Amino acid sequence: MKRKFIISGGGTGGHIYPAISIANALKEKYPDADILFVGATGRMEMEKVPAAGFDIVGLPVIGLQRKLSPKLIKFAWRLIVSLIKAGKIIKQFQPDAVIGVGGYVSAPVLRRASRKGIPCLIQEQNSFPGIANKMLAKSVNRICVAYPGLEKWFPGDKIVFTGNPVRQDITAIESKSNAALNHFELDKSKPVVVALGGSLGARTINQALTKDFALLEKEGIQLVWQSGKRGYQDAKQSVPDTAKGIKVHEFVYRMDYAFSVADVVITRAGASTISELCLVEKPAVFVPSPNVAEDHQRKNAMALVEKSAASMVEDHQAIEKLVPTAISLINDTEKQGLYRKNIQQFARPDAASHITGEIIKLIET
Numbered sequence: 016m017k018r019k020f021i022i023s024g025g026g027t028g029g030h031i032y033p034a035i036s037i038a039n040a041l042k043e044k045y046p047d048a049d050i051l052f053v054g055a056t057g058r059m060e061m062e063k064v065p066a067a068g069f070d071i072v073g074l075p076v077i078g079l080q081r082k083l084s085p086k087l088i089k090f091a092w093r094l095i096v097s098l099i100k101a102g103k104i105i106k107q108f109q110p111d112a113v114i115g116v117g118g119y120v121s122a123p124v125l126r127r128a129s130r131k132g133i134p135c136l137i138q139e140q141n142s143f144p145g146i147a148n149k150m151l152a153k154s155v156n157r158i159c160v161a162y163p164g165l166e167k168w169f170p171g172d173k174i175v176f177t178g179n180p181v182r183q184d185i186t187a188i189e190s191k192s193n194a195a196l197n198h199f200e201l202d203k204s205k206p207v208v209v210a211l212g213g214s215l216g217a218r219t220i221n222q223a224l225t226k227d228f229a230l231l232e233k234e235g236i237q238l239v240w241q242s243g244k245r246g247y248q249d250a251k252q253s254v255p256d257t258a259k260g261i262k263v264h265e266f267v268y269r270m271d272y273a274f275s276v277a278d279v280v281i282t283r284a285g286a287s288t289i290s291e292l293c294l295v296e297k298p299a300v301f302v303p304s305p306n307v308a309e310d311h312q313r314k315n316a317m318a319l320v321e322k323s324a325a326s327m328v329e330d331h332q333a334i335e336k337l338v339p340t341a342i343s344l345i346n347d348t349e350k351q352g353l354y355r356k357n358i359q360q361f362a363r364p365d366a367a368s369h370i371t372g373e374i375i376k377l378i379e380t
């Protein structure tokens, strides 16, 4: 029997890459399965998912507007249109199961599917759940989580601890070190900091590095700096041609290479990034974004900080403290070893297959 699955969610790479990992795991189990993604029109999933080899359709839904304004009317109208379109997609595609990976686009899809009695599963990546998943919790059959303690928001009998799926190309990074050093044109004898600000960039991280990259250079520390699209020109112009160890990139496409060369990683605290760092066991300095719902990035980071598995610098302190904190960690090999040891407990390399197993249980019982 040929199986069909709908996977819905998106808005950020943190939702998209785990979704693609789940899709690939489903394909391993059911090679002839039809998998359809449902994303938000105009968001990055409409580009990233086809690039990974899967079909996707878009809904016009936008994020919830929390303040009374004309945008609230736009939100309500687009939600209604999206619910109608989601119902038509489900009726036409006839999925065996529907998987939500977070983001507001998953709400209309999972809502329609659950009301039709189709098995539904959601995957919550953060230590504090998003609005969409909290709304859907009562109507879905299974909730796969990456952090303990989510019984506060979800029915305990539906929760399964699976961890977050990660990109498979970041495994076995030790064997890639020479190729990675050549790729980034780095000196093998000098330590490396990798700074990640996401595909669009993190303004505060960029400002901190623009201010203090010379301190890294003075200490003999190399920097692979993903500035993001919005910060690339300013970052590139701030670094003189004489700074041979400072490598500015708009986007790092070979994240496996970046992790391979990194002695310390500077990054935001999105759930997917944290899961990848746990898997590759890299010491990190987190700078949680203050511009996310329910301050969930800070909660994600604190889950590791409290276990002596990472360092954290608050966003409002980053311009002054980020680079000195990274230098201190680079120079403290004992702390690096402690972080690598303690971060292992959070790694879940089989998360995608575990989630797939839960999906199979739903459709076969």
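Just add 15 to the spot in the sequence shown (first one is 1) and you have the numbering used here. All residues carry an ideal CB built from backbone N, CA and C; glycine is no exception. All figures in this text were calculated on a predicted structure; none of them were measured in a lab.
query                                                                                                                                                                                        : result
Using a Cβ-Cβ cut-off of 6 Å (strictly less than) and excluding sequence neighbours within five positions of S36, which residues of its own chain qualify?                                   : P180, A367
Could you tell me the alpha carbon to alpha carbon distance between S242 and L344, rounded to whole angstroms?                                                                               : 21 Å
Can you grab the Cα-Cα spacing for the pair S204 / D278, in whole Å?                                                                                                                         : 12 Å
Would V383 and H264 qualify as a contact pair, given that the criterion is a beta-carbon distance under 9 Å?                                                                                 : With the chain covering 16 to 380 only, the question about residue 383 has no answer from this structure.
What is the rounded straight-line gap between the Cα of D365 and the Cα of S97?                                                                                                              : 33 Å
I'd like to know if the segment 323-333 and the segment 284-304 are in contact, where contact means that at least 3 CB-CB pairs between them fall below 8 Å.                                 : yes
Is R355 near the ligand ADP, in the sense that its beta carbon is under 8 Å from a heavy atom of that ligand?                                                                                : No copy of the ligand ADP appears in this structure; indeed no ligand is present at all.
Taking one C-beta from the segment 104-121 and one from the segment 252-259 each time, how about it: are there three or more such pairs within less than 8 Å?                                : no
Report yes if the C-beta distance between L185 and E321 is below 9 Å; otherwise report no.                                                                                                   : The question names Leu, but residue 185 is Ile in the sequence shown. It is not a contact, given that the beta carbons lie outside the stated cut-off.
Please check the pair G54 and G115, which I expect to be a contact at CB under 8 Å, by giving their CB distance rounded to whole angstroms.                                                  : Their Cβ separation, rounded to whole angstroms, is 12 Å, which puts G54 and G115 out of contact at 8 Å.
Starting from the C-beta of A147, find all residues in its chain whose C-beta is less than 6 Å away, skip the five residues before and the five after it, and write them out in chain order. : Y119, S121, A122
Over the uninterrupted alpha helix (DSSP H) stretch that includes L377, give me the two end residues.                                                                                        : 366-379
Measure the alpha-carbon distance for L178 versus A66 and round it to whole angstroms.                                                                                                       : Reading off the sequence shown, one finds Gly at residue 178, where the question assumed Leu. Cα to Cα, G178 sits roughly 25 Å from A66.
Within the same chain, show all residues whose beta-carbon is closer than 6 Å to that of V267, passing over the 5 residues directly before and after it, in chain order.                     : Q241, A273
Under three-state DSSP, which class holds D184?                                                                                                                                              : helix
Which residues does DSSP pair with R157 in a beta bridge?                                                                                                                                    : L136
Pick helix, strand or coil for W168, following the three-state DSSP scheme.                                                                                                                  : coil
Starting from the Cα of D249, find the closest Cα among K226, K233, E232, F52 and give me that residue.                                                                                      : K226
Report the rounded CA-to-CA distance for G164 versus R363, giving the unit in angstroms.                                                                                                     : 17 Å
Quick one: using the 10 Å Cβ neighbour count with 16 as the cut-off for buried, is H311 buried or exposed?                                                                                   : buried
What's the gap between the Cα of A34 and the Cα of Q140?                                                                                                                                     : 11 Å
If you drop the 5 nearest sequence neighbours on each side, which residues of the same chain put their C-beta closer than 8 Å to that of P339?                                               : D227, L230
Ordered along the chain, which non-local residues of its own chain (more than five positions away) have a Cβ less than 7 Å from that of Y32?                                                 : R182, S287
Just to confirm the assignment, what range does the alpha helix (DSSP H) spanning I223 have?                                                                                                 : The sequence given here places Ala at residue 223; Ile does not occur at that position. A223 -> alpha helix (DSSP H) spans 218-233.
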